[in-house]
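Numbering (this note's numbering), first residue to last: 1 to 335.
A virtual CB, placed ideally from N, CA and C, is assigned to each residue, including glycine.
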């Protein structure tokens, strides 16, 4: 019948239209989903580029904390067809944007990739390392089973065949805390203890002084004046006496050897223009912490006990650790 044929044709046309419409909708949804996926991937790429900018800024701060003062130290960078822009500035806790009074600064990194943009803000401090008996940039070598070390040890390599370390052993790359040497030098120059009087306790060049005691800040710079002999030997019956200048701080720019019957309470910091060596032996007792740029040999009946109270707050304020992120947040998303 002609009428039935017309109805059939109409149904076919409607079905074709519905299939076409369904296909169009499906393609549109697929296209939208694909675009969203691409946008998401681009946004994540921008985020990772921003993170890379943060790490590059941290590396600059590890080279020299004062780099934050010069914006030219933190130029824009390009990575994987994207870009990051850095801004490094003081947290202004003291209302002075040009002075860092609390060892805390802020890094902002804006990452962009194609049309996507992400921005990260982190707070960075550099608190000192105050939870270890020994912190060395090289080998810590325990040579005697009579040695006793109470506290954690951080070093590139640790040799403790007699299990003399009563604490955590942390091996690998070690970033030494940094001292404000100018401040400690000034303190040593006016330290009248240890039989020095008005001469102070700042020594330069070849060292040949016999300490009657070890109190206050003592700074020995064997490299000063072009000296080629860098050994500092402390031995005999010497103690950090009770009272003024206890705890003490002993800073040696050179090689340090402590033997005999020595009782020291405080911080020992050994550094140098080249890798330095430290020897602790005899009946030496150290309460506090040792930081050494080079290797440290411990032998005899030596004992090293970590004590946080042996490093007072007035000293901690002038010891700076590894730049560390303590607050992280994303402040903008775009694209």
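Asked	Found
From 173, 193 and 201, residue whose alpha carbon lies closest to that of residue 186	201
Anticipated Cβ contact below 8 Å, residue 251 with residue 218, distance rounded	7 Å
Sheet register partners of residue 155 (DSSP bridge)	171
When 292, 319 and 327 are compared against residue 141, the one with the closest alpha-carbon	292
Per-residue DSSP class, three states only, for residue 330	strand
Three CB pairs or more closer than 8 Å across the segment 229-237 and the segment 258-269	yes
Segments assigned alpha helix (DSSP H), at least 4 residues, entirely inside the segment 10-93	none
Cβ contact (3+ pairs, closer than 8 Å) linking the segment 191-207 and the segment 172-180	no
Helix, strand or coil at residue 111 according to DSSP, with G and I counted as helix	strand
Distance CB(residue 305)-CB(residue 151) smaller than 8 Å	yes
Collapsed DSSP secondary structure at residue 249 in the structure displayed	strand
Neighbourhood of residue 116 by C-beta distance below 6 Å, restricted to the same chain and skipping five residues each side	42, 43, 46 and 335
Per-residue burial, residue 343 [other beta carbons within 10 Å of its own, 16 or more giving buried]	Outside the shown range of the chain (1 to 335) lies residue 343, about which nothing can therefore be said.
Identified DSSP bridge partners for residue 104	125
Distance between residue 226 and residue 258 (C-alpha atoms, nearest Å)	24 Å
Which of helix, strand or coil DSSP assigns to residue 285	strand
Where residue 270 sits in the DSSP three-state scheme	strand
Local conformation of residue 131 per DSSP, three classes	coil
Alpha-carbon to alpha-carbon, residue 92 and residue 320	19 Å
Simplified DSSP state of residue 136, which is helix, strand or coil	strand
Within 8 Å, strictly: CB atoms of residue 255 and residue 230	yes
Beta carbon of residue 266 nearer than 8 Å to that of residue 247	yes
Contact check, residue 149 vs residue 134, beta carbons under 8 Å	yes
Environment of residue 99 [buried if 16+ CB atoms lie within 10 Å]	exposed
Closest residue to residue 289 among 301, 277 and 311 (Cα-Cα distance)	311
Residue 40 burial status per 10 Å Cβ neighbour count (16 or more: buried)	exposed
Sequence-distant residues of the same chain with beta carbon closer than 6 Å to residue 329, five excluded per side	121
Residues that residue 303 bridges to, as DSSP identifies them	148 and 285
Endpoints, the beta strand (DSSP E) within which residue 182 is located	Where residue 182 is concerned, there is no enclosing beta strand (DSSP E), although the alpha helix (DSSP H) it sits in stretches over 181-189.
Where residue 228 falls: helix, strand or coil (DSSP)	coil
8 Å contact criterion, which residue 325 and residue 124 should meet: CB distance rounded	6 Å
Among 153, 278 and 240, nearest to residue 212 - alpha-carbon criterion	240
Of the listed residues 11, 205 and 189, nearest to residue 198 (C-alpha basis)	189
Beta bridge counterpart(s) of residue 116 as assigned by DSSP	113
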